[in-house]
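From first to last, the protein sequence lines stand for chains A and B. Residue numbers are given in numbering that gives the first Met the number 0: position 167 of the first sequence equals residue 166, and the series is strictly consecutive. Residue numbers are given in numbering that gives the first Met the number 0: position 129 of the second sequence equals residue 128, and the series is strictly consecutive. Here a beta-carbon is modelled for each residue, glycine too, at the ideal position from N, C-alpha and C. Since we're looking at a predicted model, the values are computed, not measured. Notes to accompany the following structure.
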Amino acid sequence: MNISYLYSLIAVIVLALFAYVGSKFGGGEALFGIIFPLLAGLTFTVGFIYRIVDWARSPVPFRIPTTCGQQKSLPWIESACIENPTTTAGVVVRMILEVVLFRSLFRNTTCELKEGDKLAYRWEIWLWVGALAFHYAFFTVVVRHLRFFMEPVPVCLQFLETLDGFLQIGLPGLMLSGVVLLAAAVFLFLRRILTPHVRYISLASDYFPLFLIMGIAFSGILMRYFTKVEIVNVKAFTMGLVTLQPHIPDGIGGIFYVHLFLVSVLLVYFPFSKLMHLGGIFMSPTRNLTTDTRAKRHINPWNSPVKIHTYEHYEDEFREKMVDVGLPVDKMLEAQPPEAPEAPETPEAPEAPETPEVPEKPEVPAEPEAPEAPEKKE
Amino acid sequence: MPKKKMYDQGKVFAGLAIFVGLLIFPFLLNLGKAAPAPELKLSDKAKAAKECVESKAYMTAEHMQLLNEWRETVVRNAQRVYVNSSGKKFEMSLSNTCLDCHSEKAEFCDKCHNYAAVTPYCWDCHVDPKETM
């Protein structure tokens with residue numbers, strides 16, 4: 000047994016039982032129905048913003064876009080304007096394709112040994128298919144749930160529901176998105192445990208969100224098709240939440256609180272886990288930077304201003320002392336007009352040709368500036 | 000934490016504004032409104048009958064499934080008589096049995112269906128005589 004998924008599974012089961020049992024006690028309904036969801040929503044929002052701002056504060060040292068096409072160079076070499084975007088428009092197209100179609104995942108390959116010792120690469124599409132099905136099903140489910148938060152319900156949501164249930168299987172009509180969501184989550188889980196090298200790199204933080212989402216989808220399906228929660232009461236409850244006049248209606252079973260609590264846990268867990276890729280995808284420098292490295296200089300933003308003490312300033316500070324001990328200086332104390340033009344070149348002081356001249360200089364200022372120098376000596 | 004510079008501030012804040020906007024949009028939409036659960040209006044005949052073909056709790060939860068079963072038994076088996084849990088017999092018919100008591104579709108069916116945004120396809124074939132008039 001792998002403790003990573005065992006612990007995650009146990010955690011989700013314990014959370015579900017906690018909500019089921021907890022909601023039965025006095026005050027439990029208000030706790031699981033109102034306080035936890037509102038706190039979870041707040042944590043989600045604040046945590047999400049915090050993570051994004053934290054990322055926005057992290058400098059990107061180099062231009063690090065990953066590319067898989069010819070960079071723009073000479074005019075007669077055809078360049079890949081989306082695979083290797085040199086313009087903002089190209090980046091926007093690339094980002095849209097990445098966010099909407101998971102394009103980089105589409106190119107996923109797998110390598111394996113064939114006939115004993117032949118290394119072979121193969122196009123591996125199933126992760127892309129599973130991920131796309133999972134994300135779109137989840138998105139549809141979330142949008143469909145907006146019907147609980149609006150009154151009257153806009154026509155577009157009703158249309159989406161009609162589209163989602165177009166197979167008209169059974170009553171209440173089967174919603175495809177719910178089934179696809181659960182199936183895809185199960186597929187992604189099975190992929191993790193059945194493929195040895197994926198299992199090897201899978202951690203509890205990979206399994207936990209999968210189980211959590213499976214739990215949410217399962218409890219939702221249970222309520223809609225099997226235990227039949229009283230939907231009008233549920234809507235009255237959610238409308239109470241969004242109108243900020245929360246109340247607990249009767250006749251909503253324990254499964255509803257399990258569903259709601261698991262969603263609350265997901266919301267709280269979201270900003271502090273890998274699920275933050277929802278916001279992170281937009282901030283990923285391997286995707287959102289232009290590849291104009293040959294055309295423009297990218298200066299490392301964490302090159303903080305270095306405090307420089309040039310020789311010129313050094314000499315200004317210690318000139319009198321240097322003169323007193325007979326060290327060569329580039330610029331005389333109250334230098335005579337003819338020698339002054341040499342002063343701007345002082346940063347290059349260590350240069351050899353100038354040094355022979357300098358030893359003579361200390362002698363020169365000694366004559367006109369005599370009154371000052373002896374004072375310092377004593 | 001030392002205060003660090005934020006990069007691409009304009010774009011990041013625009014993105015966050017969209018994110019927060021989407022999150023609080025249901026709250027803003029419902030600001031100062033209340034949407035309590037609708038109250039059903041029973042017709043006099045339904046009130047007099049006191050009970051539907053099954054108990055009220057069963058009907059609230061399972062009416063769609065019951066209607067689905069009725070449709071299938073009538074259309075596929077030509078069986079028109081429903082015997083309920085207490086042995087009482089009913090004719091399986093949406094228009095003649097259900098709508099006989101629940102004569103006000105707008106006051107009975109539609110109220111909850113609209114509130115929960117459910118669009119039953121009963122009315123693709125059946126008609127409510129009052130609406131057609």
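- Listed along chain A are T44, each with a C-beta nearer than 7 Å to that of L22/B.
- The count of Cβ pairs closer than 8 Å, one atom from the stretch 239 to 246 of chain A and one from the stretch 36 to 49 of chain B, stays below three, leaving the stretches out of contact.
- I81/A has its alpha-carbon roughly 7 Å from the corresponding atom of V90/A.
- Judged by DSSP in its simplified three-state form, F89/B adopts strand.
- Taking all protein chains shown into account, L202/A has fewer than 16 neighbouring C-beta atoms within 10 Å of its C-beta and is therefore exposed.
- Look at V80/B here: in three-state DSSP terms it is strand.
- Using beta-carbon distances, V11/B counts as an interface residue toward chain A, with a partner under 7 Å.
- Under DSSP, L112/A takes part in a beta bridge, and its partners are L118/A.
- The three-state reading of DSSP puts E61/B in helix, counting H, G and I together.
- When C-beta distances to chain A are compared with 8 Å, the residues of the stretch 98 to 113 of chain B below that value are C111 and N113, in chain order.
- Between M238/A and E123/A, the C-beta spacing is not below 7 Å.
- In this structure, V179/A places its C-beta atom within 7 Å of the C-beta atom of A136/A.
- Taking 7 Å as the CB threshold, Q78/B stays off the interface with chain A.
- Taking 7 Å as the cut-off, the Cβ atoms of F148/A and V231/A do not count as close.
- What M222/A touches in chain B, judged by beta-carbon distance under 7 Å, is nothing: the nearest beta carbon there is about 11 Å away.
- Excluding the 5 residues flanking it on each side, L261/A has same chain C-beta neighbours closer than 8 Å at V11, L14, A15, A18, L211, G214, I215 and S218, in chain order.
- The way I'd put it, the stretch 102 to 117 of chain B does touch the stretch 28 to 40 of chain B; three or more beta-carbon pairs between them come closer than 8 Å.
- Of the candidates V152/A, P153/A, Q167/A and S176/A, the residue whose Cα lies closest to the Cα of H134/A is S176/A.
- Inter-segment contact for the stretch 86 to 105 of chain B and the stretch 118 to 129 of chain B is present: three or more beta-carbon pairs are separated by less than 8 Å.
- Taking each of V185/A, L288/A and V305/A in turn and checking the Cα distance to H297/A, the smallest one comes out for L288/A.
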